[in-house]
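Beneath this line is the structure, given in structure tokens, with notes to follow.
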Amino acid sequence: MSTRFGRRVADRLRLKIPIFGKLHHKICMARFSRTMGTLLTSGVPILQAMETVAGTVGNTIMSDAVLEARARIREGDRIGDPLEESKLFPPMVVHMIGVGEESGSLDFMLQKIADFYESEVEATLASLTAALEPIMIVSLGFVVGFIVISMFLPLVDVISKLSSGEADEDGG
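Residue numbers for the sequence shown follow the numbering used here, so the first one is 20 and each next one is one higher.
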């Protein structure tokens, strides 16, 4: 989309589409967690890391939630509170971030969250692929059947005209 409003509408739809919306959300969560964890492990300050992460999540709705959380953290809020209020971050993620923040191992917790969501994405893609295989086989069967019928229909028509033409000549 060329406008910010258009991107927001498209990204909101991407999150709400059945099956694929959940997959997109898991991918965004994996990107958020992996990037944030890597940046924090590298020693990047949390506010700068969140600004960078907002550009990498791949969804403007999620990006806006991260930037809103960044603004609230700058004011003194805990990391998990604004993420929880956005309702885009699952309770498990918010809880793990809270535990990581309290224990001083936020980067480790974010890496664990990323591992979890990356495995979830792989499992979802595997099940989608398994579900799509029979559909693709049936679809290809219809296409091949249509091609075969479209090739033989004119041939049958010509044969029937020839046989009816021969019957007229023999009879007359």
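Positions of the beta carbon are idealized from the N, C-alpha and C atoms, including for glycine.
Residue nearest to H43 in terms of C-alpha spacing, selected from S183, T143 and L151: Residue T143 is the option with its Cα nearest to H43.
Rounded distance between the beta-carbons of I46 and V112, thought under 8 Å: Between I46 and V112 the Cβ distance is about 14 Å, and since that is not below 8 Å, they are no contact.
Which of helix, strand or coil DSSP assigns to K131: helix
R33: first and last residue of the uninterrupted alpha helix (DSSP H) it sits in: R23 to K35
Which listed residue (M55, I38, T22 and L174) has its alpha carbon closest to that of M128: M55
Limits of the alpha helix (DSSP H) - the one that I80 falls within: T79 to R93
Where F108 falls: helix, strand or coil (DSSP): Here F108 carries a coil assignment [DSSP, helix/strand/coil].
Distance between D126 and A133 (C-alpha atoms, nearest Å): 11 Å
Residues of its chain near I156, where Cβ-Cβ distance is below 7 Å and the 5 sequence neighbours each way are ignored: none
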